[in-house]
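In my numbering, the protein residues as written are 862 to 1257. Glycine included, each C-beta is placed from N, C-alpha and C at the ideal position. A short worksheet on the structure shown next.
Have a look at this one:
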């Protein structure tokens, strides 16, 4: 069965057409600058990337452009939409209701809307993509795959905030965690690559990118993760502050004469390594600046590395040990220096990195030495494949 995977953002739409039997992508692409001018980047397996500038006034137009590209006589991969058996949609927040992926119906749509307050930047965009596909592909089964679902196995002691309990009762204020599709895929793949039984394992996954999170995965289930009610909690990230003293919000508001929304804008979009360095949220830019003598860029990287290592230590304690540590996402998969710096803090666990093995980008690799007590891996994430697998399981 051919499955179309849709990952819809506020001004972009990523897609892949995946064969559920071979698990290979026939085509991948990106619609960007939706609502501005519009650009479609489309790549067929084994062929060069194609870029088309075309008007994309809204997400429905973007979905139409994707379907047209997939059926195009020159660079298409299907002759008609009838060949697409199902559509899998990434949805960021499913709240407590969804502990797994579900076939989309009107009740599911309503439940996703109820979570909009918990993910105001993501869920509305996800719903736009779903609505556009339902309109253009009536009768084709569609599945919602939630970023939060994998972390619904966290015990109460891990997801509970020490706030008046009424806020949980009334508003479900608790820790949810994100990047769940990535953490699920990478933990399973890490177990396979390291020869560890997933059902009898202690795995820590470090999803390090512009958005970053660490998860503790015990016997294949998430028992803790660094992000919380929103993706703002946890690690220092590209533009997000991560963990801070909550009193800082009021302090800055009073000192700077800013409103609560303005301070939250700072924490979400002007902080992290970007705020620390004053250079960029991209670690490649930070490395270049640090090499050129920029001390703030160097410090920003060190803060990021230190916070990541602290979370690994915390989750080792939470699981009373660790068998495998896996690095994934843009930074975790590609930056050997960041991996080495994080692991330099883990010598007390017996972690030893092999410099030759660690010299890898975007490939699955064991990067620890044979004498290392803990296996350390680089594992490229594949959220689209994970979404396709869930979709096939539900509609196949």
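Indicate whether the contact test is met: 3 or more Cβ pairs, each with one atom in the segment 1030-1042 and one in the segment 1202-1216, closer than 8 Å.
Result no; under three Cβ-Cβ pairs closer than 8 Å.
List the endpoints of the continuous beta strand (DSSP E) containing residue 1067.
Start at 1 with the first residue of the chain shown, and residue 1067 comes out as number 206. Taken as a continuous stretch (DSSP letters only), the beta strand (DSSP E) holding residue 1067 covers 1063-1068.
Let me know the secondary structure DSSP gives residue 964 once reduced to three states.
Looking up residue 964 in the chain shown gives position 103. Residue 964 falls in the strand class under three-state DSSP.
Short of 6 Å in beta carbon distance, which residues of its chain neighbour residue 877, apart from the five on each side in sequence? Order them along the chain.
In the chain shown, the residue the question calls residue 877 occupies position 16. So the list reads 866, 886, 889 and 1245, once near-sequence residues are dropped.
Helix, strand or coil for residue 1060 per DSSP?
Looking up residue 1060 in the chain shown gives position 199. Note: residue 1060 maps to helix in three-state DSSP.
Where does the unbroken beta strand (DSSP E) through residue 949 begin, and where does it stop?
Taking the chain shown and counting its residues from 1, the one referred to as residue 949 is at position 88. First-last of the beta strand (DSSP E) with residue 949: 945-952.
Which residue or residues does DSSP assign as beta-bridge partners of residue 890?
Here the question's residue 890 lines up with position 29 in the chain shown. BP columns for residue 890 point to 876 and 903.
Within the segment 962-1011, ranges of the alpha helix (DSSP H) (whole runs, at least 4 residues):
The segment 962-1011 contains these whole alpha helix (DSSP H) runs: 967-975 and 984-997.
Can residue 1096 and residue 1087 be called in contact, C-beta distance under 8 Å?
Walking along the chain shown from the start, residue 1096 turns up at place 235. Walking along the chain shown from the start, residue 1087 turns up at place 226. It is a contact, given that the beta carbons lie within the stated cut-off.
C-alpha distance - residue 1007 paired with residue 1068, whole-angstrom precision
Along the chain shown, one-based indexing puts residue 1007 at 146. Along the chain shown, one-based indexing puts residue 1068 at 207. The alpha-carbon atoms of residue 1007 and residue 1068 are separated by roughly 17 Å.
Assuming the contact rule is C-beta atoms closer than 8 Å, residue 1162 and residue 1144 should be a hit. Round their C-beta distance to whole Å, please.
For the purposes of this step, residue 1162 is taken as residue 301 along the chain shown, with counting starting at 1. For the purposes of this step, residue 1144 is taken as residue 283 along the chain shown, with counting starting at 1. The Cβ separation is near 7 Å, so the contact holds.
Identify every run of the alpha helix (DSSP H) within the segment 1200-1230, keeping only runs that are complete inside it and at least 4 residues long; order them along the chain.
1216-1219
Below 8 Å CB to CB, which residues in the same chain sit around residue 1249 once its five sequence neighbours on both sides are set aside?
Numbered from 1 along the chain shown, position 388 holds the residue referred to as residue 1249. Closer than 8 Å at Cβ, skipping near neighbours: 864, 866, 877, 879, 881, 884 and 949.
How is the beta strand (DSSP E) around residue 1187 delimited, first residue to last?
For this step, residue 1187 is matched to residue 326 along the chain shown. Counting along the chain, the beta strand (DSSP E) containing residue 1187 begins and ends at 1185-1189.
Backbone secondary structure at residue 1256 - three-state DSSP:
Here residue 1256 corresponds to residue number 395 of the chain shown, with the count starting at 1. Helix, per DSSP.
Measuring alpha carbon to alpha carbon, tell me which of 1227, 1220 and 969 ends up nearest residue 1212.
Translated into positions along the chain shown, residue 1212 becomes position 351. Among 1227, 1220 and 969, the Cα nearest to that of residue 1212 belongs to 1227.
Where does residue 1173 sit, in a helix, a strand or coil, going by DSSP?
By one-based count along the chain shown, residue 1173 stands at place 312. Correct three-state label for residue 1173: helix.
DSSP state of residue 1039, grouped into three classes?
As a first step, residue 1039 is located in the chain shown; it is residue number 178 there, counting from the start. Secondary structure at residue 1039: coil, using DSSP grouped into helix, strand and coil.
At the level of alpha carbons, what is the spacing between residue 960 and residue 951?
Looking up residue 960 in the chain shown gives position 99. Looking up residue 951 in the chain shown gives position 90. Their backbone Cα atoms lie some 14 Å apart in a straight line.
Residue 1177, buried or exposed, once every other Cβ within 10 Å from all chains shown has been counted against 16
As a first step, residue 1177 is located in the chain shown; it is residue number 316 there, counting from the start. Counting Cβ neighbours within 10 Å, residue 1177 comes out buried, since at least 16 surround it.
Is it the case that the Cβ atoms of residue 930 and residue 903 are separated by a distance below 8 Å?
In the chain shown, residue 930 corresponds to position 69, counting from 1. In the chain shown, residue 903 corresponds to position 42, counting from 1. The answer is yes: Cβ separation under 8 Å.
Report, in whole angstroms, the separation of the C-beta atoms of residue 1015 and residue 1038, which I expect to be a contact under 8 Å.
In the chain shown, the residue the question calls residue 1015 occupies position 154. In the chain shown, the residue the question calls residue 1038 occupies position 177. Rounded to the nearest angstrom, the Cβ distance from residue 1015 to residue 1038 is 7 Å, consistent with a contact under 8 Å.
Is the beta carbon of residue 920 sitting closer than 8 Å to the one on residue 976?
Along the chain shown, one-based indexing puts residue 920 at 59. Along the chain shown, one-based indexing puts residue 976 at 115. Not a contact, by the Cβ cut-off of 8 Å.
Residue nearest to residue 1085 in terms of C-alpha spacing, selected from 1002, 1132, 1058 and 1174:
Stepping through the chain shown from its first residue, residue 1085 is reached at position 224. Residue 1174 is the option with its Cα nearest to residue 1085.
Return yes when the Cβ of residue 935 is within less than 8 Å of the Cβ of residue 997, no when it is not.
In the chain shown, residue 997 corresponds to position 136, counting from 1. In the chain shown, residue 935 corresponds to position 74, counting from 1. No. Outside cutoff.
Shortest alpha-carbon distance to residue 1243 belongs to which of 1252, 1223, 1046 and 1164?
On the chain shown, residue 1243 is found 382 positions in, with the first residue counted as 1. That would be 1046, whose Cα lies nearest to the Cα of residue 1243.
Looking at the structure shown, is residue 1147 part of a helix, part of a strand, or coil, going by DSSP?
For the purposes of this step, residue 1147 is taken as the residue at position 286 of the chain shown. DSSP places residue 1147 in helix when its eight states are reduced to three.
Tell me whether the segment 1058-1078 and the segment 1097-1116 touch, counting them as touching only if at least three CB pairs, one residue from each stretch, are closer than 8 Å.
yes
Looking only at its chain, what residues have a beta carbon closer than 8 Å to the beta carbon of residue 1184, apart from the 5 residues adjacent to it on each side?
Counting from 1 along the chain shown, the entry for residue 1184 is found at position 323. Closer than 8 Å at the Cβ level, and outside the excluded window around residue 1184, lie 1055, 1057, 1062, 1063, 1064, 1235 and 1236.
Taking residue 914 as the reference, give the member of 898, 906, 927 and 905 with the closest Cα.
In the chain shown, the residue the question calls residue 914 occupies position 53. Distance from the Cα of residue 914 is smallest, within the candidate group 898, 906, 927 and 905, for 898.
Quick one: grab the DSSP three-state call for residue 1129.
Sequence index remark: in the chain shown, residue 1129 carries index 268 (1-based). Under the three-state reduction of DSSP output, residue 1129 falls in the helix class.
Residue 883 by DSSP, collapsed to three states: which one?
By one-based count along the chain shown, residue 883 stands at place 22. In this structure, residue 883 counts as coil in the three-state DSSP scheme.
Residue 942 - containing beta strand (DSSP E), residue span:
Taking the first residue of the chain shown as 1, we reach residue 942 at position 81. Where residue 942 is concerned, there is no enclosing beta strand (DSSP E), given that its DSSP letter is neither H nor E.
CB contact flag (residue 927, residue 874, <8 Å):
The residue you call residue 927 lines up with position 66 of the chain shown. The residue you call residue 874 lines up with position 13 of the chain shown. Against a cut-off of 8 Å, the Cβ pair of residue 874 and residue 927 comes out as a contact.
Within 10 angstroms of the Cβ of residue 965, are there 16 or more other Cβ atoms? Answer buried if so, exposed if not.
What you label residue 965 is simply residue 104 of the chain shown in a count that begins at 1. Flag for residue 965 reads buried.
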